[in-house]
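Report on the following structure.
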């Protein structure tokens, strides 16, 4: 009996020690990750609020300029100045209407001409802004009025709440983003509410405009920290579990993890297992092939073709995406270069790049080598900025994009409207194309909100004179809608699935 009980007691003690040693790194690591997630969300909320604040300031700058131009006309006969009022509405993209005031009486409107309505300066926050829930022309539709006065005269310019709510939706995405003017505040659904601004439960960030006095609030709903950790930290939790279990099963885990993912990907890179697939891109009007997006596939010797979403994020995180993309460019040049003299010019070739590519100027040489492999003037290289990692503007990145444009390389924002930095990229980098994410295309005819966002992106690209590409086109109805809205290029299964180089060249001969 004693000989039997002693091994059992030892086994029991070892199990307790193994359990405690396993739980300790998991618990401590989870606390650290929770604190890190809170800091990340706080930073994200502040960056979102800053972006929204800048956009609203730009809109109000436009609106205020119209008021400054019209203020000297206050007091003049309405028939003499109503064309000037309407001219400002036409010239200013965000101004919906303009009005003149004399002795606190609105007497001339760009909408109605001669008009009479009392103006109460107390309705305006700091005497300048009034966020109201519509007017007799558009009831229950948000409206932001800017007031400028000088003595007895004044000018009122209005900004349509449609533009405001679009900013809240496009920039906010997962964030609870709200605009406050005085005692009224606007939510992303376009509704105006009265009373104090509700503070988001997580990572609340409240910023105030120095020029116009409005406030922008950004934050996240309850439980966002746990949701963020579940979405972003599974690899780290796996690592914690690994370290926790190493004291109890070191031999098993060492054997299981003898080949790490990075080592396996390095082996695959040296073996040339990352190969290009080509998906056709067609002209929106003629539906003729205009080029192709080059997509990376992993031709694993045992697993076969590995989906890109299973290895691309890790490649970006580890920095391997740079040599992998370079190899992709070299293979693309070898496959398509000899055939380029017969291409319909210019033939667009799109290749994805991430933040890792923007840390030095080697990308310029890679692009120069790729373009040099084709017949002169036969191709137009388009680099598509992905948003899985944020590209921070710096002297190096600005110099990089300047040299790329000098080389004739075009820049596109991939999956526009889904990333928190899309509008920031538009402002920072000299962008040539926007690529509409397939999630918006899929909602054509299904979801009105997504269609409004899609229309807003198309309208934004037109105002900024940018080319636009719609991804994920799978039905004729989607294609017809996009063509009617003058989308330049279409891409999706309706026109062709991603295919190997040989199949692509064979299909290209028929187009």
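Residue numbers (the UniProt record's numbering): 1 to 511.
For glycine and all other residues, C-beta sits at the position ideal for the given N, C-alpha and C.
Simplified DSSP state of residue i, which is helix, strand or coil
{"i": "residue 61", "result": "helix"}
{"i": "residue 252", "result": "Caution applies to residue 252, whose pLDDT of 48 falls short of 50 and renders its modelled position unreliable; the value that the coordinates give is listed next. Note: residue 252 maps to helix in three-state DSSP."}
{"i": "residue 429", "result": "coil"}
{"i": "residue 415", "result": "strand"}
{"i": "residue 263", "result": "helix"}
{"i": "residue 293", "result": "strand"}
{"i": "residue 338", "result": "helix"}
{"i": "residue 483", "result": "helix"}
{"i": "residue 463", "result": "helix"}
{"i": "residue 494", "result": "coil"}
{"i": "residue 48", "result": "helix"}
{"i": "residue 228", "result": "helix"}
{"i": "residue 511", "result": "coil"}
{"i": "residue 435", "result": "strand"}
{"i": "residue 77", "result": "coil"}
{"i": "residue 391", "result": "coil"}
{"i": "residue 308", "result": "helix"}
{"i": "residue 217", "result": "strand"}
{"i": "residue 27", "result": "helix"}
{"i": "residue 343", "result": "coil"}
{"i": "residue 194", "result": "strand"}
Beta-carbon proximity check, residue i vs residue j, cutoff 7 Å
{"i": "residue 416", "j": "residue 281", "result": "no"}
{"i": "residue 293", "j": "residue 350", "result": "yes"}
{"i": "residue 33", "j": "residue 233", "result": "yes"}
{"i": "residue 261", "j": "residue 314", "result": "yes"}
{"i": "residue 99", "j": "residue 156", "result": "yes"}
{"i": "residue 49", "j": "residue 218", "result": "yes"}
{"i": "residue 410", "j": "residue 432", "result": "yes"}
{"i": "residue 37", "j": "residue 329", "result": "no"}
{"i": "residue 494", "j": "residue 479", "result": "yes"}
{"i": "residue 70", "j": "residue 150", "result": "no"}
{"i": "residue 341", "j": "residue 375", "result": "yes"}
{"i": "residue 504", "j": "residue 343", "result": "no"}
Alpha-carbon spacing of residue i relative to residue j, whole angstroms
{"i": "residue 93", "j": "residue 75", "result": "26 Å"}
{"i": "residue 414", "j": "residue 188", "result": "24 Å"}
{"i": "residue 337", "j": "residue 450", "result": "40 Å"}
{"i": "residue 395", "j": "residue 356", "result": "15 Å"}
{"i": "residue 120", "j": "residue 59", "result": "24 Å"}
{"i": "residue 335", "j": "residue 501", "result": "7 Å"}
{"i": "residue 476", "j": "residue 242", "result": "49 Å"}
{"i": "residue 123", "j": "residue 106", "result": "14 Å"}
{"i": "residue 198", "j": "residue 152", "result": "38 Å"}
{"i": "residue 398", "j": "residue 465", "result": "21 Å"}
{"i": "residue 405", "j": "residue 181", "result": "41 Å"}
{"i": "residue 192", "j": "residue 183", "result": "10 Å"}
{"i": "residue 392", "j": "residue 39", "result": "18 Å"}
{"i": "residue 215", "j": "residue 172", "result": "15 Å"}
{"i": "residue 246", "j": "residue 28", "result": "16 Å"}
{"i": "residue 132", "j": "residue 365", "result": "55 Å"}
{"i": "residue 284", "j": "residue 382", "result": "17 Å"}
{"i": "residue 53", "j": "residue 158", "result": "18 Å"}
{"i": "residue 236", "j": "residue 308", "result": "21 Å"}
{"i": "residue 321", "j": "residue 68", "result": "52 Å"}
{"i": "residue 127", "j": "residue 145", "result": "11 Å"}
{"i": "residue 512", "j": "residue 347", "result": "In the structure displayed, the chain extends from 1 to 511; residue 512 sits before or after that span and is not available."}
{"i": "residue 326", "j": "residue 369", "result": "10 Å"}
{"i": "residue 254", "j": "residue 161", "result": "Per-residue confidence for residue 254 stands at a pLDDT of 40, beneath the threshold of 50, marking its modelled position as unreliable; no derived number is given."}
{"i": "residue 407", "j": "residue 318", "result": "28 Å"}
{"i": "residue 441", "j": "residue 454", "result": "8 Å"}
For residue i, the first and last residue of its enclosing beta strand (DSSP E)
{"i": "residue 124", "result": "From DSSP, residue 124 is part of no beta strand (DSSP E); its letter is neither H nor E."}
{"i": "residue 118", "result": "113-118"}
{"i": "residue 153", "result": "153-160"}
{"i": "residue 275", "result": "274-283"}
{"i": "residue 92", "result": "From DSSP, residue 92 is part of no beta strand (DSSP E); its letter is neither H nor E."}
{"i": "residue 203", "result": "202-208"}
{"i": "residue 380", "result": "379-385"}
{"i": "residue 177", "result": "176-181"}
{"i": "residue 372", "result": "It is not in any beta strand (DSSP E) - residue 372 instead sits in the alpha helix (DSSP H) that spans 362-372."}
{"i": "residue 186", "result": "184-186"}
First through last residue of the alpha helix (DSSP H) which encompasses residue i
{"i": "residue 513", "result": "The shown model of the chain, from 1 to 511, leaves out residue 513, and the question about it has no answer."}
{"i": "residue 135", "result": "Here residue 135 belongs to no alpha helix (DSSP H), and DSSP marks it neither H nor E."}
{"i": "residue 440", "result": "438-442"}
{"i": "residue 348", "result": "Per DSSP, residue 348 belongs to no alpha helix (DSSP H); it is in the beta strand (DSSP E), 347-353."}
{"i": "residue 238", "result": "234-245"}
{"i": "residue 317", "result": "312-318"}
8 Å contact criterion, which residue i and residue j should meet: CB distance rounded
{"i": "residue 220", "j": "residue 177", "result": "Wrong, their Cβ atoms sit about 10 Å apart, outside the cutoff."}
{"i": "residue 134", "j": "residue 142", "result": "7 Å"}
{"i": "residue 468", "j": "residue 458", "result": "6 Å"}
{"i": "residue 471", "j": "residue 437", "result": "6 Å"}
Within-7 Å CB hit, residue i to chain B
{"i": "residue 241", "result": "The chain inventory of the structure shown lacks chain B, comprising one protein chain alone."}
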